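Read left to right, the sequence shown gives residues 1 to 109 (UniProt numbering).
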Amino acid sequence: MNDIIISLGLFFLAALFEIGGGYLVWLWLRENKKIAFGVLGGLTLAIYGIIPTFQHANFGRVYAAYGGIFIVSSLIWGMLVDKKNPDKFEIIGAFISLVGVFIIYYTPR
Numbered sequence: 001m002n003d004i005i006i007s008l009g010l011f012f013l014a015a016l017f018e019i020g021g022g023y024l025v026w027l028w029l030r031e032n033k034k035i036a037f038g039v040l041g042g043l044t045l046a047i048y049g050i051i052p053t054f055q056h057a058n059f060g061r062v063y064a065a066y067g068g069i070f071i072v073s074s075l076i077w078g079m080l081v082d083k084k085n086p087d088k089f090e091i092i093g094a095f096i097s098l099v100g101v102f103i104i105y106y107t108p109r
């Protein structure tokens with residue numbers, strides 16, 4: 001159980017860095033913020049690329065499972081940062097993606 005908590009923590013930490021870095025680049029290019037936003041976003045995205053290497057599975061499995069976590073994290077980001085609540089179809093889709101995460105990553109082999 002402890003391993004699951006650690007790996008989920010790594011998945012959500014990676015999502016925070018990927019979404020946060022992408023958001024900073026978005027602000028730089030779409031909202032005409034200073035280039036420092038883009039540079040910080042690029043550095044944040046580089047850190048995101050490192051975090052999944054701490055997972056204990058192979059690259060393909062880690063990134064397949066991470067995709068589901070990214071979906072959920074993006075909706076949470078939208079709620080907290082963009083103040084946009086997900087509709088019922090987004091919630092259903094996110095739930096389905098989490099089921100996929102648990103099948104892909106946590107099913108015993």
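All residues carry an ideal CB built from backbone N, CA and C; glycine is no exception.
Model, not experiment: these values are computed from the prediction.
CA-to-CA distance, residue j to residue i, given in whole angstroms
i, j, result
"Ile91", "Gly68", "12 Å"
"Val99", "Ile4", "14 Å"
"Tyr23", "Gly38", "9 Å"
"Leu45", "Arg109", "32 Å"
"Leu29", "Leu40", "13 Å"
"Gly42", "Phe12", "19 Å"
"Trp77", "Gly9", "16 Å"
"Trp25", "Lys34", "Correcting the residue identity first, residue 25 is Val in this sequence and not Trp. About 10 Å."
"Ser7", "Lys84", "28 Å"
"Lys88", "Asn58", "33 Å"
"Met79", "Pro86", "7 Å"
"Met1", "Ile50", "24 Å"
Neighbourhood of residue i by C-beta, 7 Å cutoff - its chain only, sequence neighbours within 5 removed
i, result
"Tyr48", "Ala14, Phe17, Glu18, Gly21"
"Ser74", "Ile19"
Residues near residue i in its chain [Cβ-Cβ closer than 6 Å; skip 5 each side]
i, result
"Ile71", "Ala94, Ser97"
"Pro52", "Ala14, Val62"
"Asp82", "none"
"Leu27", "Lys33, Phe37"
"Phe54", "Leu10"
Taking contact to mean at least 3 C-beta pairs separated by less than 8 Å, is the region 53-72 in contact with the region 92-105? Contact between the region 53-72 and the region 92-105 is present, because at least three Cβ pairs lie under 8 Å.
Return the chain-ordered ranges of every alpha helix (DSSP H) run that is complete within the region 27-55 and spans a minimum of 4 residues. 35-50
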